[in-house]
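Please read the structure below before turning to the comments.
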Amino acid sequence: MPTSSMRRWIALLGVGLIAVMGGAGIWIGSNYSTVFHRKHPQSRPSRAADEAEVHRFCGECHAYPPPDSFPRGAWAKEVDQGFRFAQIAGMNRNLPDIESIKQYYEQRAPIELPFHAPPPLATRPPFQFERTRIALPTLEQRPVVTSIAFAGASPSADEFVICDARTNQVMLFQLGGAAKWKKLAGMNHPARAIVADLDKDGIRDILVANLGVFFPSDDLRGSVVLLRGRSDGTFEPHTLLENVGRVADVKPIDFNRDGKLDLIVAVFGWRATGEVLLLENKTTDPSNPIFEPRVIDRRHGATEIAVADLNRDNHPDFVCLFSQEHEAVVAFINDGEGGFRQENIYQAPHPAYGCCSLELADLDGDGDLDVLLANGDILDPPFLLKPYHGLQWLENRGPYPFVPHPIGPLYGVLSARSADFDGDGDLDIAAVTYLPANGFPQRNERGLPAVVLYEQVGRGTFATHVLETGRCDNLCCLPVLLQSDQLPSLLIGHGDFLNETKKFDAVSVWRNRGRK
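Heads up, the sequence shown is in the working numbering, so the first residue is 338 and it goes up one at a time.
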């Protein structure tokens, strides 16, 4: 995911994200303030707005963005964007004075955001990884690998499905000896893929979420495509959903327990498009799959979905991560009668938080599912190292919301996944970062972490091991138990949204060799 930038409405005074592989930030135009003042010549006050006025204006759409979420020099553009979005939303009446809002933020914001020195590169990590970098088998060496998924039902395998949103391919990738690649289908900027036997014929199918448009746009070009598996190993494409906003994720779910797999779809969209959809499986002939869409949630910014039976009532529920100005983790509890009740698992403290990755996992080993949350989107100019980026464990204690626990700060963290990397019976966490070189030239000189392993050394307590620094070109990661291995290894997908010329390896394999 990612991605990505993908946080689109930006929160009236907030910022954006890249959502699963979105693109660059939103540029409203440097002359917006000038145009606004021509229409509102009276709006040049000598005073700053008071706090109640700012809270009232921001609270119309989202949480209040605190002044220290951006440096002083960034706030004029953020306020201009906020007023522009307020006008688009029809909030033309009783708008506060734009200059008074700017003064409010500029008087309170720090000149620069504080820099948190990262942990140093671990010269003696507790366990050893052997890294191999693997390129695409073609002349195209500028991949944007947005997702890596298991090609079979088991996490113990050597074959994976990979999405490349720049070369517009869904590929089969096989390890073992020389790496092997096989193109399965061409797609319009695939964001994620997942293997599922949708027609229950015993042959694997592949579901693909397609952005349709690589960079942020409200064009209705997103889609969900089924690659229906054939007995000869080939795949037949069927478009199950089209003419929607940019689709970031799709997951199978038999929500009504009729034996047919339905689909939950995260339509990220951008500013005016986006929603969460349920595609109910109405297929009678497997060669002609039919799915009927229904809107579950009308918010844009849906970034990632995880399916599980959260309340153990034998009805599958799902959790959705919303970015943009929403910045929330929401549980959708299946009522068993065709509907979903919403429960808020987590609400980020402000709309610039940068949520971008979600995983359900029993991190504390108490038998229920917690949430591993990463917030590290950085792709809205000006490029900033944001001290509030990092990882959190959202602990499930029964009631909602869950209890948040910080795991650690991490600039630009885009993907995080859990596995028992050291074989001691509890879950550790691998995280990767995306800080593109042309936006963050300081990534090498400051030793910014690129790959980090968080070793769980006590219930909910993690020791930080930085495995690589500087090379922050990582978009996704997946723990894998390779054949013949006893401990999980790590696959990482690489790329750069912002660089059209730099060459990259597509994936790297971090083979886990155990403790030293």
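Beta carbons: idealized from backbone N, C-alpha and C, even for Gly. None of these values were measured; they are calculated from a predicted model.
For residue i, three-class secondary structure by DSSP
i: P574; result: strand
i: N811; result: strand
i: R678; result: strand
i: F422; result: helix
i: V846; result: strand
i: R409; result: helix
i: E641; result: strand
i: V550; result: coil
i: D417; result: helix
i: P527; result: strand
i: Y741; result: Looking at the sequence shown, residue 741 is not Tyr but Pro. Three-state result, P741: strand.
i: P630; result: strand
i: P825; result: coil
i: S367; result: For S367, the predicted model reports a pLDDT of 35, less than 50, meaning its position is unreliable; a value from the coordinates is still stated below. Coil.
i: P719; result: coil
i: P451; result: coil
i: P786; result: strand
i: P686; result: coil
i: P746; result: strand
i: P404; result: helix
i: H652; result: coil
i: G795; result: strand
i: Y771; result: strand
i: F841; result: coil
i: T475; result: coil
i: N712; result: strand
i: P480; result: coil
i: W607; result: coil
i: H831; result: strand
i: P816; result: strand
i: S568; result: coil
i: E662; result: coil
i: I540; result: coil
Outcome for residue i when other beta-carbon atoms lying within 10 angstroms are tallied against a minimum of 16
i: Q418; result: buried
i: T806; result: buried
i: I363; result: With a pLDDT of 27 at I363, under the threshold of 50, the modelled position of this residue cannot be trusted; read the value that follows with caution. Flag for I363 reads buried.
i: F869; result: Because the chain spans 338 through 853 in this model, residue 869 falls outside it and cannot be assessed.
i: E629; result: exposed
i: A609; result: exposed
i: E782; result: exposed
i: F510; result: buried
i: S821; result: exposed
i: Q679; result: exposed
i: P455; result: buried
i: E664; result: buried
i: P778; result: exposed
i: P457; result: exposed
i: G566; result: buried
i: R594; result: exposed
7 angstroms Cβ shell around residue i - same chain, five flanking residues per side excluded
i: G523; result: N505, Q506
i: D495; result: Q511, L512, G513, L819, Q820
i: L658; result: T640, E641, V666, C692, L695
Close beta carbons around residue i, own chain, < 6 angstroms, minus the five adjacent residues each side
i: R529; result: S484, A546, D586
i: D536; result: P623
i: R850; result: Q465, E467
i: A579; result: A small fix is needed here, since residue 579 is Glu in this sequence, not Ala. Closer than 6 angstroms at the Cβ level, and outside the excluded window around E579, lie S560.
i: D761; result: none
i: S406; result: H687, A689
i: R780; result: L772, G807, C809
CB-CB length for residue i against residue j, believed under 8 angstroms
i: A787; j: V769; result: 7 angstroms
i: L548; j: H575; result: The Cβ separation is near 19 angstroms, so there is no contact.
i: G691; j: G713; result: 6 angstroms
i: V561; j: V584; result: 6 angstroms
i: G832; j: P480; result: 5 angstroms
i: P741; j: Y683; result: 6 angstroms
Residue range of the alpha helix (DSSP H) that includes residue i
i: V391; result: 388-395
i: I435; result: 435-445
i: N781; result: 779-782
Contacting residues, own chain, Cβ-Cβ under 8 angstroms from residue i (five flanking each side not counted)
i: C813; result: M338, P339, V482, T483, S484, I485, L751, S752, V769, I829, G830
i: N836; result: R479, P773, A774, N775
i: S845; result: R468, T469, R470, I471, L828, I829, H831
Boundaries (first-last residue) of the beta strand (DSSP E) holding residue i
i: R754; result: 750-756
i: E612; result: 612-618
i: F592; result: Here F592 belongs to no beta strand (DSSP E), and DSSP marks it neither H nor E.
i: F280; result: The chain is shown only over 338 to 853; residue 280 falls outside these bounds and no answer can be derived.
i: G727; result: 727-732
i: D599; result: 599-604
i: N671; result: 665-671
i: F497; result: 496-501
i: C693; result: 692-698
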